[in-house]
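Chain order of the listed sequences is A and B. Counting from -1, one number per residue, gives the positions in the first sequence under the working numbering. Counting from -1, one number per residue, gives the positions in the second sequence under the working numbering. We put the CB at the ideal spot given by N, CA and C, even for glycine. Remember, it's a predicted structure, so these values are computed and weren't measured experimentally. A short write-up of the structure that comes next.
2 protein chains.
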Amino acid sequence: MAICLLGLGSNLGDRTANILEALRLLRRQAQVIVLRHSSLHETLPVGGPEGQANFLNAAAVIATQRWPAELLAILQDIEAQLGRKRTDRWGPRTIDLDLLLYDQQVIHTPELTLPHPRMHERRFVLAPAAEIAGDLRHPALQSTIDELFTRLPPPSPSEPKLRVFTSAEGMQRETLRLRRLSRRVGVVPTMGSLHEGHLSLVQAARERAEVVVATIFVNPTQFAPSEDFSKYPRNLEADLQALSAAGCDYAFVPSREEMYPEGSSTFVEPPAVSQPLEGVCRPGHFRGVATIVLKLFQIIPAHVACFGQKDYQQAQVIRRIVADLNVPIEIVVCPIIREPDGLAMSSRNRYLSPAERRQALALSQALGEAERLVAAGENESETIVAAMRNILRRAGITRIDYATLADPETLAEVPRVEGRAVALIACFVGTTRLIDNRLLGPENWRA
Amino acid sequence: MAICLLGLGSNLGDRTANILEALRLLRRQAQVIVLRHSSLHETLPVGGPEGQANFLNAAAVIATQRWPAELLAILQDIEAQLGRKRTDRWGPRTIDLDLLLYDQQVIHTPELTLPHPRMHERRFVLAPAAEIAGDLRHPALQSTIDELFTRLPPPSPSEPKLRVFTSAEGMQRETLRLRRLSRRVGVVPTMGSLHEGHLSLVQAARERAEVVVATIFVNPTQFAPSEDFSKYPRNLEADLQALSAAGCDYAFVPSREEMYPEGSSTFVEPPAVSQPLEGVCRPGHFRGVATIVLKLFQIIPAHVACFGQKDYQQAQVIRRIVADLNVPIEIVVCPIIREPDGLAMSSRNRYLSPAERRQALALSQALGEAERLVAAGENESETIVAAMRNILRRAGITRIDYATLADPETLAEVPRVEGRAVALIACFVGTTRLIDNRLLGPENWRA
């Protein structure tokens, strides 16, 4: 068996999917065993036309009984299967597979040069390779990958820094490594389809931590069978580009199988604050949220986690879980980010037709009316709720899950606004369920 | 308000309880606020008669409007309430309360010397003080507590090293500190009432980690109302002495309120492997186990945790929880420790009358018979289980919760021993419920 080091890169299409698919095709080859692969490192394109997209680059270590020329043919075949056209030498490509090292062989033929001639000077090759194969030796330079990597000049400030992990074990190992280096870590759990609200959470995490990890996972266990799990918007490429631009350091993008492997059967039974409101309307929802959030906090044992106040009850549920289960993480709840006209930003807003988009304004208007009434001295919940419902109904919203005033910690309904309270609304605009909320009370306070 | 540093010590009776009670009495004083207190450090007695027990020492920082002489009187009153006799200057004492610092005051009267005259040379004073008040200054020596502590000569090898934490927050902070120092941490969760089986787990943890934390907590949520929670044996003093002798570094000894404060309502819903056997006989038991173990793994984020194979199903449940929830900890399951005659060690064995103690031998004998039958080529579960039950019944054991052969991972009953299996028994000997198990199969394997 020969031990080989491969380089993988993609800067066209869904780059993550392309690299994972190349690894999957490689695993299906007879006499090829993929021993491990690195995370995906975002890097600037080298050469080629201006304005090319950034690459994601990875490395893999394989064991094989194939000869170098056979292995090269396999790699080229996988490139072809993934739509790579070899006509434009420096153009964008769905996939680029390079044979970097084949045991300690040194080969110079027109078809193949081993070790790969430029690997020792390329950060985008050595950084992922050092992650998984630091001890492998370059036979010509008599140095290990680690040594070659350490000798590189420092990265330019314009170099992107995002790294994408798809494996829980790799992400966890990296986070624990960062903690050993005394780096303060912040995490922003998301379901992707990122908007300004999410990016404000990344910003909040950057203000509180040296390293920021965003997670992207549409969690099936928090959707009921009747809900929109399968049609929930997904656009990993746009999300990764937004995270990179926002200065995020890591994205954790696991598959469903990675998070819920066959046989997985432990769940977190959420606290009492999960029972009213969403707990009534979406049975099982918070059990799924509680479980995935606890899992993410174990995979990414960060110092601080940022959540949006938009999902007010969720934030209170998570605070309570963290307190009840002694999870050593600080929970920060960040203000709702709204469109200029007041609509709370949500990934689900993109479901709305233009007419529904106008209707949806009634949520923030109803909450604004509640705030106005309280400021004017009204404190009877009945009166305030009636005004909120009126605004929703006048906008043509008839399917109201709840429009209520609640205690900000327990989320129990309050008959009267005394001190702090929260106004919360969940309703359907067309077939789209939207939620929004506003903090009420005598002074400015934060969730 | 004056900021004061107090020293607390006990080497008689339940030392932990004495110190906690002194703090409780102090909190009840008007114009005294206990700001924080340290963990309890085990130390050798200084002076006095030979053969005195080791001390537990702690420090507390308080804020007070009382004058020094008033505060001294309060401390002496609390000593008297806790049974301290001041006749024997160096004798063992239930409690010793010292006023070490009172702001920056320097006082020399026959009744009171401030700062305490020997504090700067005493490890048993400075170690706990540095834990909570490293920045306080000694007014005469113009040094901080941290500086005085650092200047001490290194502790003698004979000095005990056990530290007792009663607060989850303090224990967690200390474990995270150890991890930042790259110390490998092992944890041994127990319900106290320690026997050789527990101490073998401490030993196993010492072999796998540089620092060992044992936890002692009789977890109410894993007992059904009908079970023996209130009469479960408790002997903290003996447990701490055993842990100290076994070379344990830390004991975590929380109160019920510390682990389940008012309003705590998040639980872990245990995995499928929790459902058969104990899951049938003790409904809710594994929900309590799952919850407390997850909490302990958050409070003490160790690298490795050791459990006994005696609670075989529990060990499988915990392994599954750790895998399902991605907890970054290695679970080690250690062999059952038995009395010379074969009885598996258990804290509940002390409930047994001499006659019951003889009856109880039938459990290990029945499991030995199962092993013998399998070794002799028998593989029908029905035959083997009948033989096991026969041995139990012949010993007069009639209340058998189960005597069964199960798959070692899922714990589902197996009709036949093919490859690995586990024989498990749970039955009542008198009113005492005992469990035991044995690994069966073609080769030696470990749980």
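Reduced DSSP category for A:F265 - H, G, I as helix; E, B as strand; rest coil = Translated into positions along the first sequence, residue 265 of chain A becomes position 267. Of the three classes helix, strand and coil, the one that applies to A:F265 here is strand, per DSSP.
Decide if A:D237 is buried, meaning its Cβ has at least 16 other Cβ atoms within 10 Å, or exposed.
-> Counting from 1 along the first sequence, the entry for residue 237 of chain A is found at position 239. When all chains shown are included, A:D237 counts as buried.
For B:C304, write down the residues that DSSP places opposite it in a beta bridge.
-> For the purposes of this step, residue 304 of chain B is taken as the residue at position 306 of the second sequence. DSSP, once it has assigned bridges, lists B:V330 as partnering B:C304.
So, is the C-beta of B:F250 closer than 9 Å to a C-beta in chain A?
-> Stepping through the second sequence from its first residue, residue 250 of chain B is reached at position 252. False, the Cβ-Cβ gap to chain A never drops below 9 Å.
Residue range of the unbroken beta strand (DSSP E) whose run includes A:C2 | Indexing the first sequence from 1 puts residue 2 of chain A at position 4. Per DSSP, A:C2 belongs to the beta strand (DSSP E) from 0 to 8.
Buried or exposed: A:K229, going by 16 or more other Cβ atoms within 10 Å of its Cβ?
-> The residue labelled residue 229 of chain A in the question sits at position 231 within the first sequence. Exposed, because fewer than 16 other Cβ atoms sit within 10 Å of the Cβ of A:K229.
In three-state terms, what does DSSP make of B:Y310?
-> Within the second sequence, numbered from 1, the residue matching residue 310 of chain B stands at position 312. Three-state result, B:Y310: helix.
Along the chain, which unbroken stretches of the alpha helix (DSSP H) at least 4 residues long are found entirely within the segment 140 to 166 of chain B?
-> 143 to 149
From the DSSP output, which residues share a beta bridge with B:H39?
-> Translated into positions along the second sequence, residue 39 of chain B becomes position 41. Answer is B:N55, B:R161.
For the candidate residues A:Q312, A:L275, A:K159, whose alpha-carbon lies nearest to that of A:L241?
-> For the purposes of this step, residue 241 of chain A is identified with residue 243 of the first sequence, where counting begins at 1. Checking every option, the nearest Cα to that of A:L241 belongs to A:K159.
Straight-line gap, A:Q273 to A:C246 (C-alpha atoms, nearest Å) = By one-based count along the first sequence, residue 273 of chain A stands at place 275. By one-based count along the first sequence, residue 246 of chain A stands at place 248. Computed Cα separation, rounded: 34 Å.
How about A:E68: is its C-beta nearer than 9 Å to some C-beta of chain B?
-> Translated into the one-based positions of the first sequence, residue 68 of chain A becomes position 70. Not closer than 9 Å to any Cβ of chain B, the Cβ of A:E68 fails to qualify, so no.
Compute the beta-carbon to beta-carbon distance between B:N9 and B:N52, rounded to the nearest angstrom, for a pair I have assumed lies under 8 Å.
-> Sequence index remark: in the second sequence, residue 9 of chain B carries index 11 (1-based). Sequence index remark: in the second sequence, residue 52 of chain B carries index 54 (1-based). Sure, about 6 Å apart at Cβ, within 8 Å.
Anything in the segment 405 to 424 of chain B with a Cβ closer than 7 Å to a Cβ of chain A? List those residues in chain order, please.
-> none
Nearest chain B C-beta to A:A243 closer than 9 Å, yes or no?
-> Reading the first sequence from its first residue, position 245 is the one you call residue 243 of chain A. So no, A:A243 is outside the interface.
Consult DSSP for B:P187 and reduce its assignment to one of helix, strand or coil.
-> Within the second sequence, the letter at position 189 stands for residue 187 of chain B. Here B:P187 sits in strand by DSSP.
A:T107 in three-state terms, based on DSSP = Here residue 107 of chain A corresponds to residue number 109 of the first sequence, with the count starting at 1. Three-state result, A:T107: coil.
For A:Q209, which of helix, strand or coil comes out of DSSP?
-> Translated into the one-based positions of the first sequence, residue 209 of chain A becomes position 211. Looking at the sequence itself, residue 209 of chain A is Val, so the reference to Gln does not match. If DSSP states are grouped into helix, strand and coil, A:V209 belongs with the strands.
Does DSSP put B:L192 in a helix, in a strand, or in coil?
-> Translated into positions along the second sequence, residue 192 of chain B becomes position 194. The answer is coil: DSSP assigns B:L192 none of H, G, I, E or B.
Beta carbon of B:A419 nearer than 9 Å to that of B:D405 | For the purposes of this step, residue 419 of chain B is taken as the residue at position 421 of the second sequence. For the purposes of this step, residue 405 of chain B is taken as the residue at position 407 of the second sequence. Yes, they are a contact pair.
Could you tell me whether the Cβ atoms of B:I60 and B:L33 are closer together than 9 Å?
-> By one-based count along the second sequence, residue 60 of chain B stands at place 62. By one-based count along the second sequence, residue 33 of chain B stands at place 35. Yes, the Cβ-Cβ distance between B:I60 and B:L33 is below 9 Å.
Identify whether A:A385 lies in helix, strand or coil by the three-state DSSP scheme.
-> For the purposes of this step, residue 385 of chain A is identified with residue 387 of the first sequence, where counting begins at 1. Three-state result, A:A385: helix.
What residues in its chain sit with their C-beta under 6 Å from that of A:E354, if we drop five residues either side in the sequence?
-> Numbered from 1 along the first sequence, position 356 holds the residue referred to as residue 354 of chain A. So the list reads V427, G428, once near-sequence residues are dropped.
Name the chain B residues that come within less than 8 Å of A:Q296, Cβ to Cβ?
-> Working through the first sequence from its first residue, we reach residue 296 of chain A at position 298. Within 8 Å Cβ-Cβ: L323, N324, V325, P326.
If you check the beta carbons only, do B:L98 and B:A57 fall under 9 Å apart?
-> The residue labelled residue 98 of chain B in the question sits at position 100 within the second sequence. The residue labelled residue 57 of chain B in the question sits at position 59 within the second sequence. Against a cut-off of 9 Å, the Cβ pair of B:A57 and B:L98 comes out as a contact.
Taking 9 Å as the CB-CB cut-off, is A:Q170 touching chain B?
-> For the purposes of this step, residue 170 of chain A is taken as the residue at position 172 of the first sequence. Taking Cβ atoms only, chain B reaches closer than 9 Å to A:Q170, which makes this a yes.
Neighbour flag for A:R285 against chain B, beta carbons, 9 Å | What you label residue 285 of chain A is simply residue 287 of the first sequence in a count that begins at 1. Chain B, which has a Cβ nearer than 9 Å to the Cβ of A:R285, makes this yes.
A:H301, buried or exposed, once every other Cβ within 10 Å from all chains shown has been counted against 16 = To locate residue 301 of chain A, count along the first sequence from 1; it is residue 303. A:H301 is buried by the Cβ-count criterion.
Does B:S351 come within less than 9 Å of chain A when only Cβ atoms are used?
-> Residue mapping note: residue 351 of chain B aligns to position 353 of the second sequence, counting from 1. Chain A contact via Cβ: absent.
Using beta-carbon positions only, say whether B:V266 and A:L323 come within less than 9 Å of one another.
-> Taking the first residue of the second sequence as position 1, residue 266 of chain B is located at position 268. Taking the first residue of the first sequence as position 1, residue 323 of chain A is located at position 325. A contact, by the Cβ cut-off of 9 Å.
Proximity below 9 Å, CB of B:V325 to CB of B:G306 = Looking up residue 325 of chain B in the second sequence gives position 327. Looking up residue 306 of chain B in the second sequence gives position 308. In this structure, B:G306 does not lie closer than 9 Å to B:V325 by Cβ.
Under 8 Å between beta-carbons, which chain A residues line up against B:A166? List them in chain order, please.
-> Position 168 of the second sequence holds residue 166 of chain B. Per Cβ cutoff of 8 Å: N324.
Compute the beta-carbon to beta-carbon distance between A:V210 and A:M189, rounded to the nearest angstrom, for a pair I have assumed lies under 8 Å.
-> Numbered from 1 along the first sequence, position 212 holds the residue referred to as residue 210 of chain A. Numbered from 1 along the first sequence, position 191 holds the residue referred to as residue 189 of chain A. In fact, because the Cβ distance is near 17 Å, the residues do not count as touching under 8 Å.
What are the complete alpha helix (DSSP H) segments, minimum 4 residues, inside the segment 362 to 408 of chain A?
-> 379 to 392
In three-state terms, what does DSSP make of A:N435?
-> Numbered from its first residue, the first sequence carries residue 435 of chain A at position 437. In this structure, A:N435 counts as strand in the three-state DSSP scheme.
Following the continuous alpha helix (DSSP H) through B:I297, name the residue where it begins and the one where it ends.
-> For the purposes of this step, residue 297 of chain B is identified with residue 299 of the second sequence, where counting begins at 1. Looking at the DSSP string, the run of the alpha helix (DSSP H) that includes B:I297 is 283 to 297.
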